Structure formats: C-alpha cells, structure tokens
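Notes follow the structure.
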Amino acid sequence: MERAKSSIEQIQPPTYGNLVTILSIDGGGIRGIIPATIIDFLESRLQELDGPDARLADYFDVISGTSTGGLVTAMITAPDNNNRPLFAAKDIKPFYMDHSPKIFPQHSGLGGTILAKVVKSLLGGPKYDGKYLHGVVREKLGDIRLHETLTNVVIPTFDIKSLQPIIFSSYQIKNSPSLDAKLSDICI
2 MERAKSSIEQ IQPPTYGNLV TILSIDGGGI RGIIPATIID FLESRLQELD
52 GPDARLADYF DVISGTSTGG LVTAMITAPD NNNRPLFAAK DIKPFYMDHS
102 PKIFPQHSGL GGTILAKVVK SLLGGPKYDG KYLHGVVREK LGDIRLHETL
152 TNVVIPTFDI KSLQPIIFSS YQIKNSPSLD AKLSDICI
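Position 118, counted from 1, in the sequence shown is what this note's numbering calls 119; the numbers after and before it change by one each time, with no gaps.
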C-alpha cells in the first residue's frame, strides 16, 4: 500500500541539499519590535557573508509567522517590481516604530479600565480594530497575493466570525485556490 505524500514532500525541493530551512517569526512581543530586531540582526549577518543584496527570503524554504509575525512574514516575502523582497529586514523595525501608536492605541478612560477589558474579552472580538493597520498594509503591499511570495509562506490566522483557525499557505494554493488572498488581507 502506497502512503500519501506529506505536506513537506509536496513543497519545492530544499534550497540547500536535503535540509528544509524554516524561519518562524513570533507574534506579539513588543508589538513586533522584538522579532523585527532579531530578523534585522540575522539578515545583516547574511549580508556580511553574501553581500548587501542578501535577503532572508533567499535563505529559507519556508517563512512563517503568526499575528504580527504574519505581517513581518508578508513584508519580507512580498516581491517588488524586480522580483526581490519589497522590504529588507532593516525596514521592519522603523515601520513598527512609526505606526505602532496608531496600530496598537492605548485607551484611556472607561475603555481602558480592567473591567472594560474583561467585558470586551468575554464578549469576543479583536483586541485592536485593525482599521489603521489595514490601510497602511494595503498601501505597502498593494494587491500582492499569497502565490506571489518569493518563498513558501505559512501564516496561521483565526476567523473570529466562524471561530475557526485558517492557515494560509503558499503551497496549499494548488489544492485550495480560495486561499490565494491578498497578503494585505491575510495580515489583518
């Protein structure tokens, strides 16, 4: 009896030998600052070895991130007009520093009380409304879709309407074309 191929066997061959390289970018942290600092350090070391045009998307077979890590994943794997990453890792931290106050507003007054936060968490819904973030991300990423990323991408999300996880994966698009969404929509 022939066994079914696993997902790992269905992705593109590894870039380097038999080793599949995966970069997993954490969500949360200090609003994306910690993962941005780490990937900036990593990419700068790769540039010391291979030159100033080296980008993380050149080195990993799969890049994945959840929550704000999904946004970072999209930013460093989205192609520009020359089919190179739209953003270098060094661009991510300034993005968060510039936009964090509006993406993650600190509420004061009744909306900021512990009781109000508990009530909101019990009633459900996202912690931040995402309107500003969606606008900024749509402006930066445009109409780039998941299938266009420069390497395989996995971005786990959660549909708050159906209360179900949705995993956006660039190598699942062949079997599930409905998952080929705009990166700007996946990241929100």
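Beta carbons: idealized from backbone N, C-alpha and C, even for Gly.
Model, not experiment: these values are computed from the prediction.
In the DSSP assignment, Gln165 forms a beta bridge with Asp160.
Boundaries of the alpha helix (DSSP H) harbouring Ser101: Ile93 to Ile104, taken from the DSSP string. Our two residues, Ala79 and Ile187, have alpha carbons roughly 13 Å apart in a direct line. For Pro166, same chain residues with a beta-carbon under 8 Å away, outside a window of 5 residues either side, are Pro157, Thr158, Phe159 and Asp160 in chain order.
Contact check for Gly70 and Pro95: beta-carbon distance about 17 Å, past the 8 Å limit, so the pair fails to qualify. A residue is called buried when at least 16 other Cβ atoms come within 10 angstroms of its Cβ; Glu44 meets this threshold and is buried. DSSP, read as helix, strand or coil, puts Val21 in coil. Excluding its 5 nearest sequence neighbours in each direction, Ala89 has C-beta neighbours in its own chain below 7 Å: Glu44 and Arg56, listed in chain order.
In the three-state scheme derived from DSSP, where H, G and I count as helix and E and B as strand, Ile40 is classed as helix.
For the set Gln48, Asp59, Lys103 and Leu134, the Cα lying nearest the Cα of Arg85 is the one of Asp59. Tyr133 has its alpha-carbon roughly 11 Å from the corresponding atom of Glu140.
The beta carbon of Ile174 sits closer than 7 Å to the beta carbons of Leu147, His148, Leu180 and Asp181 from its chain, once the five residues preceding and following it are set aside; these are given in chain order.
When rounded, the separation of the alpha-carbon atoms in Val138 and Asn19 is 35 Å.
Counting C-beta atoms within 10 angstroms of its own C-beta, Leu50 has fewer than 16 neighbours from the protein chains shown and is therefore classed as exposed. Each of Lys183, Asn83, Asp27 and Thr74 was checked against the Cα of His135, and the nearest Cα belongs to Lys183.
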